[in-house]
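Working notes, beginning with the structure itself.
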Amino acid sequence: MLDELAIDVAQEKSRYKEELSDVRLQHEKEVLGVRARYEKELRGLHEDKNRTEEEIRSQLRDEKARTRELESLQQTVKKLQAQIQSMEGTKGWFERRLKEAEETAEKSALEHQEQVQKLQLEQTAQLQGRWRRWKPSSGPQRNHFRKY
Numbered sequence: 055m056l057d058e059l060a061i062d063v064a065q066e067k068s069r070y071k072e073e074l075s076d077v078r079l080q081h082e083k084e085v086l087g088v089r090a091r092y093e094k095e096l097r098g099l100h101e102d103k104n105r106t107e108e109e110i111r112s113q114l115r116d117e118k119a120r121t122r123e124l125e126s127l128q129q130t131v132k133k134l135q136a137q138i139q140s141m142e143g144t145k146g147w148f149e150r151r152l153k154e155a156e157e158t159a160e161k162s163a164l165e166h167q168e169q170v171q172k173l174q175l176e177q178t179a180q181l182q183g184r185w186r187r188w189k190p191s192s193g194p195q196r197n198h199f200r201k202y
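What follows is the structure, given as structure tokens:
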């Protein structure tokens, strides 16, 4: 009986060791599966993080390039505004000179017209004076043209 008990205990111990070994093996498999999932998820998170970092770096480079472009454009705008202001001043000067030239031309045209009228009157008076002097009198008419 003692021998049977020893055999039963040995078998029980052997079964226990097998079950313990099976449980340990199952536990290791589960741990490896969980570890593999977590490592896979961690790799995915690292890839996402790296991709996001690269996108942010790219956006930063783009923003810096846009900033440089905008600064350049601001300088161009300032130069163009200065040119516009200068041209507006020049435009005002030209408008004043044009007005003066128009007034001078108008004044010259009036003076010329007055001069022409005066000369026409003088010429008319001279022609009338000559006409009276050359007008034939009631006596015999003279032929002012000679025959050759």
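Heads up: the sequence shown at position 107 corresponds to 161 in my numbering, and the numbers run straight through without jumps.
Every residue gets a Cβ at the ideal spot worked out from N, C-alpha and C, and that includes glycine.
For residue i and residue j, I'd like the C-alpha separation in whole angstroms.
i, j, result
"GLN171", "ALA155", "24 angstroms"
"ILE138", "PHE148", "15 angstroms"
"ARG184", "THR178", "10 angstroms"
"ARG69", "TYR92", "34 angstroms"
"GLN113", "LYS94", "28 angstroms"
"ALA136", "SER126", "15 angstroms"
"ARG78", "VAL63", "22 angstroms"
"GLN129", "ILE110", "28 angstroms"
"GLN180", "GLN167", "20 angstroms"
"LEU59", "VAL88", "42 angstroms"
"GLU176", "LEU152", "35 angstroms"
"ALA163", "GLU142", "31 angstroms"
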